[in-house]
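Novice: For reference, the structure I am asking about is given below.
Protein chains: 4
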Amino acid sequence: MVRKICVVITARPSYPRVRSVLKAIQASSALELQLVVAASALLERYGNTERTIVDEGFTIDRRVYMVVEGENLVTSAKSTGIGLSELATVFDDLGPDIVITIADRFETMATAIASSYLNIPLAHIQGGEVTGSIDEKVRHAITKLADLHFVASTKAYERVIALGENEERVFVTGCPSIDIVQQALAESYSPTAIFDQYTGVGSRFQLSEGYIVVVQHPVTTEYFESRRHIEETLHAVKEVGAPTLWFWPNVDAGSDGTSAGIRSFRENHDLKHIHFFKNMSPEDFIRILDGSECIVGNSSVGIRECAYLGVPAVNIGNRQLGRDRGSNVRDVGYSREDISDAIRLCREQGRCAKDLLYGGGGAGNRITEILASTPLTVEKRLPY
Amino acid sequence: MVRKICVVITARPSYPRVRSVLKAIQASSALELQLVVAASALLERYGNTERTIVDEGFTIDRRVYMVVEGENLVTSAKSTGIGLSELATVFDDLGPDIVITIADRFETMATAIASSYLNIPLAHIQGGEVTGSIDEKVRHAITKLADLHFVASTKAYERVIALGENEERVFVTGCPSIDIVQQALAESYSPTAIFDQYTGVGSRFQLSEGYIVVVQHPVTTEYFESRRHIEETLHAVKEVGAPTLWFWPNVDAGSDGTSAGIRSFRENHDLKHIHFFKNMSPEDFIRILDGSECIVGNSSVGIRECAYLGVPAVNIGNRQLGRDRGSNVRDVGYSREDISDAIRLCREQGRCAKDLLYGGGGAGNRITEILASTPLTVEKRLPY
Amino acid sequence: MVRKICVVITARPSYPRVRSVLKAIQASSALELQLVVAASALLERYGNTERTIVDEGFTIDRRVYMVVEGENLVTSAKSTGIGLSELATVFDDLGPDIVITIADRFETMATAIASSYLNIPLAHIQGGEVTGSIDEKVRHAITKLADLHFVASTKAYERVIALGENEERVFVTGCPSIDIVQQALAESYSPTAIFDQYTGVGSRFQLSEGYIVVVQHPVTTEYFESRRHIEETLHAVKEVGAPTLWFWPNVDAGSDGTSAGIRSFRENHDLKHIHFFKNMSPEDFIRILDGSECIVGNSSVGIRECAYLGVPAVNIGNRQLGRDRGSNVRDVGYSREDISDAIRLCREQGRCAKDLLYGGGGAGNRITEILASTPLTVEKRLPY
Amino acid sequence: MVRKICVVITARPSYPRVRSVLKAIQASSALELQLVVAASALLERYGNTERTIVDEGFTIDRRVYMVVEGENLVTSAKSTGIGLSELATVFDDLGPDIVITIADRFETMATAIASSYLNIPLAHIQGGEVTGSIDEKVRHAITKLADLHFVASTKAYERVIALGENEERVFVTGCPSIDIVQQALAESYSPTAIFDQYTGVGSRFQLSEGYIVVVQHPVTTEYFESRRHIEETLHAVKEVGAPTLWFWPNVDAGSDGTSAGIRSFRENHDLKHIHFFKNMSPEDFIRILDGSECIVGNSSVGIRECAYLGVPAVNIGNRQLGRDRGSNVRDVGYSREDISDAIRLCREQGRCAKDLLYGGGGAGNRITEILASTPLTVEKRLPY
């Protein structure tokens, strides 16, 4: 009997972490894909992930609007509550055999609870990692709700086991985002086309002459400082003066400060060497990364994809604190001087060695095989 | 500065597990109590815990209606979502320094998420235990969201530490429900008064001549069987024929089956020896237990309070599966013969020895001292 | 092109008011039926209307759990809010051409707002009547949100026009509940079979020797008095002593008082001549009514169906205040003496003349023809 | 006994329509003000009305986050549902004697239902007007839920009476927004200071040399056209070339199209003569209006305040269709040529005569006197 696999995508950064899985489920005769797009993945101002998903050939079964505006801690909680209430109805209606949730954003708790309360086996992609902040709590709480774990590395595997999960239900598959890296690098492309394709705002420049990439998200537990944080980075990048591709942050408590900081800085400074994007296909983003001198900010991309690519990363602040990292990462605090120094060092040092810390590709197929054949269970109990 | 401690009570069985803490907070000059009563604790048909709380001298700061009717798995999830959305507003408004959540019922996840997403330190009473069913997932997920853990036993302590919690934030306090047992036994009382005080339905009888107590809740992952389960117990208790005090179950997915089973059985059988209650003060309930020949059903009271009391317990089915238990417990399946045999054996064998497995009293004061002095933190990270 | 007609049923009494419309839509090749069952229509303890609907051959497209427990004014509002939020998703998903809402219960506002905010033409069955209480506000507010009005009588027509609606969008179709009366009376049936079919509680008796019917709902604006009200009726019916079929009330603010009153009275009095039912098919209920000496309580059935049947009605209190009524109705206050006197007078006087005040049948077909052919509009503007 | 008056403000344009009432309640010893700020009035990107309210000396009792992001018809309905659910709790908690709701935005239905379902008398400011679109339905539905009506004009009075309201509960008070106009004109001010005070984006210019004002909101029932509409206006204003102060639209289904249209146009055209503002104090806005050559767009300000001021208004499209208007209004369709022609005619013709169509000031005091002395009723019934 064909198993129905329901994947819930709630934000732009989750999509590349599951896309190769979606493709493999689509291609499998043993599985039927049910795709739910929710939260900021539906919103224009966070990059319209919904459109990307449709453009790439997937059919969306349900859309769940759940983001309560305000972008503070209260609305994060309220959004999760509304999402939970809605997803319960959606799962009841679609009747999946397995629900898949991705990573550790606050609103993914809605998926995890709805699925586990409905006694539907929950599969979690990307458990067992360590960061800090509210993501840390969310990630491990989801591990305790999940019945099936697809982890990126052996370190993550060991942590999920230590958390009391049954070793027959934890699989080291590598991270699906590495599948996209592999695939993206296999195709030819013309970097300069991105300005036409993704528009954005700011001046355009020759990518062949070297550039850096910036992706900086607000950090939820430091709400009032998000504006100060982003301004330090803006000053540092302005000071370095290198051609820069800057990617807009996700919705999160605090992102008002981040967005406001960027907007205000743009109006008051001459930032001719920076081009701002709201969205990009995962492949193009990877190729842009692969062509860059370094990535700056606090995105997990610097830790994860860039380990595989060997691209130096200036990692700012504590958002990725504790996350397993390769030698490509240079950690700095929220100081414009430290940030600009680190950027300069990265540019001088050049490309690092590849590190298979987060897998070496093939995760999508591996996960799909397990989804098709693993026993469906929802009962578990601490072994200690 | 006085710390504001917000306690959220969502169901009848949670109240005795926190009452001595409430009393101790009230008596402390270093703490201010904020009391939120929510979910089935507000509802007449689950025993009107709200009234009990008010009668016992506590002031309720907020009431949160959140139970979506239907008593199935979908409404469990929806209720939790609505509760989460409401509690976020409540916590934002009350501004507590610490939020306390109790045990592992499905809707307590709303308290845990609202508190942790608002960066308010979350204290969890009764983590680290093992049961099974959805409670098991909920309990350990809450441990991963909580910042402060008040556990009942050293076994529970070891499990919470194994789950990666910092040993400076985990405290073996014993279970506050044992405080009530201690206190209840210290006071004199007249057992027969309970019929007048709590009414209930069914005939009355002399408690001095021996009686058994029944408390049986539906088991969420076996929704369609809850009616069959309760009927087996009803048949067994009818067959034994001993005077019986039967306590109505809580709201839960499946309780429709349980309630319907009881109602229908009552209408079709002569149950002169059974008296049904919907609610009772924790102290009177303890004294009733202490005076009983045995407790029958699947309530944690049989495992926990009765260990301390030394009252034999016939524990039916897998609701308490995995939970640490003393020698007073006799486990049986859902078969009327097994249940009636076990009841007979318990009555013959008589009282067991006291077992301090879940503490020996004083938990309320111990917890309150820690609440007043412990550092307030919300950051944590897996140590492995 | 086939028009999709989405009917939302939220409570037991709404079903007979639309059933002949559902049948006619099903039979029409120009229309496709989308059936949403919501609120108390899904709940066992309000008679499980869902099962009746399925048993009668309809397919339910969506189920919307939305009743927040508590049965007070706050939960009425919250339930409506949750229903609105859910129905918005449902309508967006089903994409109906017309949504149908029935009558004036508080939660029907959720249907009306979701439909009108989504720019889907809203058809309202049973506008233009006059009662009082919150129903009065709800009914006329829905008229102002609706685009198409199917009214029962010329008086109702005149009121809807006076409210500023366009006379091309208001249709006197008669009430569909009269279709059921017509049809029910056309079939033969054996009255005594109802005890086996619908069980209920209480003793059984020979219906051929005469009996009365009681249906009494709580009145929302007099919350604290609902228990007193029901007790007056219980005393009156006990005193009259006639064989009685008593039907359980709907969910509503205050019904806790009503239900509690009935339960407590049953336990403390000998009510051998009363049999309590929770539910009955509309046809059987009509035939039971048609065979009765009179109906007692505050249901609109006494005013509406009984006008057509010519069955005397003792109408208690102000729930039906203002509603157009025929000569079969005898209004009384909440006094056991007045109620028992009125019952005696009705029984002595015997059957009344038929009154076509609410139509004479055929409403289902008439409404369906209009649904298939009327222009679809959502714009309107006060004409004065 | 002091009456508690709870005012709910959900959006920027509602605030000036109630501000003089808030001031008068604050000053009254017979009344206590309870202020709830909700929906887009809490959001930075819709002008942060919350901050304005606090800055002007009011204390906010509750904040209700309720806007679900997406800015489409579905999220309008969902936001209203969430607001209703939240406001029920707020009203239950605050226990007001009267709730005040303003005008006809979609989310005000949440206030109206929560209040009426809790049996709290609802006062409606600005009923009885005629527009079209969903506002029309909302406005008259709220009239049918409201118990007390404060209308702006005798025409509005006649319509509310025609809708079946009791003439003892309808009061012609004039619109409170005219109070602000009166007061604003009584104070001296320096127009050029607005650029420093409200920042905004775009170039600055000498207001003394003449300028026009633009305020254009999306029209909900024409969702897909909102982008095209705004572009026509942008082209017209660009073509006219006059110095322009442009005010950002409110949250509403369709505003994504409007906002996106403005942003994109700004990036692709040279708009040196246009300055964009997100917010302004009501007084400054009035004085800016009073100093302008004309107002362009579809705001009710052009119809209402500008009637009193005698400022010509180019009213675009059907958003104000049906609304009573003075001779200052010139209606045009969505064509850049028509719009630019009308702007030119307005500028040539110059100032119009004052028209007291919406009152002549003093509404705040008049409303407050009635709030303090009127009987509190929630029962009503159609008189026809």
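From first to last, the protein sequence lines stand for chains U, B, R and P.
Here the first sequence stands for residues 1 to 384, where the numbers follow this note's numbering.
Here the second sequence stands for residues 385 to 768, where the numbers follow this note's numbering.
Here the third sequence stands for residues 769 to 1152, where the numbers follow this note's numbering.
Here the fourth sequence stands for residues 1153 to 1536, where the numbers follow this note's numbering.
The C-beta atom is built at its ideal place from N, Cα and C for all residues, glycine as well.
1) Does the stretch 153 to 164 of chain U come within contact of the stretch 186 to 202 of chain U, defined as at least 3 CB pairs closer than 8 Å?
2) Check for me: the alpha helix (DSSP H) holding R/R927 runs from which residue to which?
3) Of all the alpha helix (DSSP H) runs that stay within the bounds of the stretch 640 to 724 of chain B, which reach a length of 4 or more residues?
4) Quick check: is the beta carbon of U/L202 nearer than 8 Å to any beta carbon in chain P?
5) Should B/N682 go down as buried or exposed, given a rule of 16 or more other Cβ atoms within 10 Å for buried?
6) Counting only Cβ pairs nearer than 9 Å, list the residues of chain R close to U/E283.
7) Note down, in chain order, each residue of its chain lying with its Cβ closer than 7 Å to the Cβ of U/V67, except the 5 sequence neighbours on either side.
8) P/E1238 CB to nearest chain B CB: under 8 Å?
9) With a cut-off of 8 Å on the beta carbons, I'd call B/V535 and B/G512 a contact; round off their distance for me.
10) Could you tell me which uninterrupted beta strand (DSSP E) segments, each at least 3 residues in length, are contained entirely in the stretch 789 to 858 of chain R, listed from first to last along the chain?
11) In the DSSP assignment, find the unbroken beta strand (DSSP E) run with R/I888 in it and report its ends.
12) For B/T443, count the other beta carbons within 10 Å of its own beta carbon; 16 or more makes it buried, fewer makes it exposed. Which is it?
13) So, with DSSP's three-state summary, where would you put U/C352?
14) Name, in chain order, the residues that DSSP records as bridge partners for P/C1158.
15) Per DSSP, what kind of secondary structure is B/V554 in: helix, strand or coil?
16) Give the secondary structure of R/H985 by DSSP, where H, G and I count as helix, E and B as strand, and everything else as coil.
17) So which residues on chain P does U/T75 lean against when the C-beta distance must stay under 8 Å?
18) Using CA coordinates, which residue listed in B/V597, B/E520, B/G479 and B/G467 is at the minimum distance from B/T495?
19) Pull up the distance between the alpha-carbon of R/E824 and that of R/G1101, whole angstroms please.
20) Can you check whether the C-beta of B/V421 is within less than 8 Å of a C-beta belonging to chain R?
21) Among the residues of its own chain, which have a CB less than 7 Å from the CB of R/Y874, if the five just before and after it don't count?
22) Within 10 angstroms of the Cβ of R/T1145, are there 16 or more other Cβ atoms? Answer buried if so, exposed if not.
23) Can you list, in chain order, the residues of its chain with a C-beta nearer than 8 Å to that of R/F859? Leave out the 5 residues immediately preceding and following it.
24) Which residues in chain B have a C-beta closer than 7 Å to the C-beta of P/T1241? List them in chain order.
25) If contact means a Cβ-Cβ distance below 7 Å, which residues of the stretch 693 to 722 of chain B contact chain U?
26) With a threshold of 8 Å between beta-carbons, can B/D445 be considered close to chain U, or not?
27) Got a sec? Which residues, its chain only, sit under 7 Å from B/P400 by beta carbon, not counting five neighbours each side?
28) Got a sec, what are the start and stop residues for the beta strand (DSSP E) P/T1295 sits in?
29) Return the bridge partner residues of U/H149 from the DSSP annotation.
30) Below 8 Å between beta carbons: does that hold for P/T1396 and P/H1425?
31) Span of the alpha helix (DSSP H) holding B/L755?
32) Does the separation of the CB atoms of R/C1062 and R/A1075 fall below 8 Å?
33) Taking the alpha-carbon positions, what's the P/R1203 to P/Q1349 distance?
34) For a test of the three-state rule: what should DSSP assign to B/L629, helix, strand or coil?
35) Can you confirm whether U/K4, when its beta carbon is compared against all beta carbons of chain B, has any partner nearer than 8 Å?
36) Of all Cβ atoms in chain U, is any one closer than 8 Å to the Cβ of P/L1194?
Specialist: Once the coordinates are examined:
1) no
2) T922 to A930
3) 666 to 674, 684 to 687 and 689 to 693
4) Reading the sequence as shown, one finds Gly at residue 202 of chain U and not Leu. U/G202 does not count as touching chain P.
5) buried
6) Here the premise fails: no neighbours, minimum Cβ distance about 32 Å.
7) A39, S40, L43, S79 and V251
8) yes
9) 5 Å
10) 799 to 806 and 830 to 832
11) Premise fails: R/I888 is in no beta strand (DSSP E) and is neither H nor E.
12) exposed
13) coil
14) P/Q1186 and P/V1251
15) strand
16) coil
17) Y1217
18) B/G467
19) 38 Å
20) no
21) According to the sequence provided, residue 874 of chain R is Phe. The question's Tyr does not apply to it. The residues are S844, T848, I902 and V906.
22) exposed
23) C774, V867, A882, S883, L886 and I888
24) E470
25) G706
26) no
27) S561, I564 and P666
28) Unbroken run through P/T1295 is the alpha helix (DSSP H), S1285 to L1297; no beta strand (DSSP E).
29) U/H124 and U/V170
30) yes
31) A747 to S757
32) no
33) 14 Å
34) strand
35) no
36) yes
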